[in-house]
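In what follows, a single structure is set out as structure tokens and then discussed.
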Amino acid sequence: MGKKRNDQTTIKEQIKVNDGESIFPNFLYYTFGYGISIVFGLAFAIYLRDLHEVTLFFSNIRKIEQEISLRTESGLYYSYFKEILQKPTIALGIQALLNDTRTEYPRAINILERFNVYQEVLLAILYRAYDFNLAPMLFYVYWCFAFAGLQVFAIFHLSWTLSKSVAFPVLACSWLFYNLDETTRAYFSVNLRENFSLPFLFLQTVFLCQLLIKQKNFMACGVGYVMAILASHVLYKGKKLIGLSNAKVLAIAIAFSLLYAQYGVYKEQMTNEQEFFDEDTVDLMLWIGWQRRDAVFTGSMQLMAGVKACTGRNILNHPHFEDQWIRNRTKRLYSIYGRKSIKRVHQILKKEKADFVIIEDSICLAPSTGCSTNDLVDFASGLLPDNGLTKFGKNLKEKISEERFCEAIRSPDPSLERYFILEHSNPTFRVYKINHDD
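Residues 245 to 682 (my numbering) are what the sequence shown spells out, left to right.
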């Protein structure tokens with residue numbers, strides 16, 4: 245009789261468990277949750293793609309304009325994806341990155357070690373495998389948007405793991421849509437390192453939380469327990485007024501109100517059609533493209549990234565300056581915006597093996613604010629900025645009489661041709677050839 249009673253008890257327990265946690269409802273629940281997360285991820289990626297398209301008319305502008313639109317270090321990273329695809333095989337492309345002399349000419353560096361461009365290598369491999377009938381640039385940019393969608397997918401699952409409810413992840417993702425402008429610069433710069441790192445950071449956090457929950461490690465979760473107790477104490481009265489089910493309804497209601505409000509913003513953004521237009525930079529890049537392949541260029545860091553991406557020519561400096569050697573070189577090269585003589589700047593550029601120097605009037609003629617490039621170059625030389633305000637630095641010398649190089653070189657003095665020869669100019673840029681015969 246005892247054995248029969250135990251068997252009956254076991255059967256009752258199994259029925260109870262099955263009633264509460266049957267496989268089929270769980271399957272539907274997780275299918276619904278994963279489906280919602282995928283929808284949010286796809287919607288976010290499409291949103292960014294549409295916003296990028298309506299702002300730049302990206303898919304319809306010329307290839308060189310697409311490349312110019314990748315500002316600062318974005319252009320530098322893209323140039324390595326482009327370089328790999330230009331090689332006959334992926335192996336040769338990777339080999340070129342391992343011994344690159346074009347980025348910090350003539351210094352040879354390991355691009356994979358210095359810049360972390362494994363993402364570009366992976367995308368190049370994927371493009372060679374299947375290009376989806378897309379041009380390399382569109383393939384690259386759309387994958388960046390896809391990674392942004394993956395980040396939203398990861399945030400959804402992080403919130404789901406912590407809240408044990410689908411309602412609150414919906415709210416979290418809705419807040420991300422609603423506060424798009426305040427989230428991260430990565431969404432608007434296409435291919436910064438954050439585009440590739442943030443999704444996996446959130447996914448790692450999801451897996452870590454799931455691991456801690458399954459192990460029920462009190463020491464590892466101790467801080468979380470304490471914070472949860474404090475939060476429950478503070479919100480005790482609120483929890484009495486709003487039950488758990490009501491809280492979920494409230495979360496979903498807020499989420500839908502945010503999405504509805506953002507949809508109005510989305511429609512307004514889509515009607516504000518614009519087109520990328522930078523005629524002077526296009527003119528500059530086309531001219532550089534006609535110069536010999538081994539020519540060496542220098543100028544501002546952000547412009548050199550564009551030169552590398554659009555033309556593949558050798559450059560001396562670039563925006564990725566997390567290296568002492570390149571910082572010191574850039575400081576020397578930026579004497580073109582400092583108060584140094586034409587002869588002295590010529591000596592510096594000649595020693596650095598530059599063939600051409602590009603002067604930007606937007607930098608040279610910028611007002612002195614204490615933060616302009618000219619001011620920073622003056623600070624590095626121990627000089628006060630043009631505005632004369634001492635609050636920007638201590639123990640600085642008064643402004644010297646030496647004219648700023650970028651302004652002095654503007655003079656059409658034939659005697660200057662022994663140092664520099666004006667080769668190309670437009671309303672924004674002036675390109676001078678360094679005379680190495682002097």
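Just so it is clear, CB atoms sit at the ideal spot from N, CA and C, and this is done for glycine as well.
Values in this document were obtained by computation on a predicted structure and should not be read as measured data.
Under a Cβ-count criterion, where at least 16 other Cβ atoms within 10 Å of its own Cβ denotes burial, should residue i be classed as buried or exposed?
i, result
"A475", "Note that A475 scores 48 on pLDDT, short of 50, meaning its location in the model is unreliable and no value can be drawn from it."
"S544", "buried"
"R583", "buried"
"H680", "exposed"
"F446", "buried"
"Q330", "exposed"
"I570", "buried"
"P658", "exposed"
"R346", "buried"
"P629", "buried"
"Y676", "buried"
"D425", "exposed"
If you run the structure through DSSP and keep just helix, strand and coil, what is residue i?
i, result
"F664", "strand"
"A598", "coil"
"S409", "coil"
"S585", "coil"
"E604", "strand"
"Y374", "coil"
"N558", "strand"
"T345", "strand"
"L628", "coil"
"S501", "helix"
"S669", "strand"
"D681", "coil"
Considering residue i, what are the terminal residues of the alpha helix (DSSP H) in which it resides?
i, result
"I308", "K307 to I312"
"K552", "M545 to T555"
"F649", "F649 to A652"
"I570", "Q568 to L577"
"K326", "E317 to Q330"
"V361", "It is not in any alpha helix (DSSP H) - V361 carries neither H nor E in the DSSP assignment."
"I532", "E523 to G533"
Following the continuous beta strand (DSSP E) through residue i, name the residue where it begins and the one where it ends.
i, result
"T542", "V540 to T542"
"I353", "R351 to I353"
"V434", "First-last for V434: undefined, no H or E at that position."
"F673", "F673 to I678"
Going by beta-carbon coordinates alone, are residue i and residue j separated by less than 8 Å?
i, j, result
"T515", "L593", "no"
"V601", "I532", "no"
"F421", "L502", "yes"
"L442", "Q395", "yes"
"V414", "I290", "no"
"V434", "L314", "yes"
"V589", "F673", "no"
"D527", "N558", "no"
"I334", "A379", "no"
"F412", "S418", "no"
"F376", "N439", "no"
"Y663", "K587", "yes"
"D619", "S625", "no"
"L530", "I305", "no"
"N354", "L336", "no"
"S323", "A553", "yes"
"P687", "D524", "This structure leaves residue 687 out entirely; the chain is present only between 245 and 682."
"Y349", "V551", "no"
"M381", "Q310", "yes"
"C615", "E651", "no"
"L660", "K641", "no"
"Y384", "F301", "no"
Cα-Cα, which of the options is closest to residue i?
i, options, result
"V298", "K584, D619, K511 and E667", "K511"
"T574", "L528, N561, L609 and Y349", "N561"
"H668", "Q535, P658 and I580", "Q535"
"T449", "L424, V675, D425 and T405", "T405"
"H564", "T555, A553 and A549", "A549"
"A416", "I498, V385 and N304", "I498"
"F444", "N423, K408, G393 and I353", "G393"
"A287", "Q506, K641 and S579", "Q506"
"R437", "P671, Q363 and Y371", "Q363"
"I603", "K408, I282, I665 and V385", "I665"
"G319", "G556, Q339 and R654", "G556"
"Y386", "Q591, S303, C615 and F271", "S303"
"A398", "D567, T275, F623 and I282", "I282"
"E357", "S579, E566 and R576", "E566"
Please tell me whether, using a cut-off of 7 Å, the distance from the CB of residue i to the nearest non-hydrogen atom of the ligand MG is below it.
i, result
"H590", "Here there are no bound small molecules, and the ligand MG is not part of this structure."
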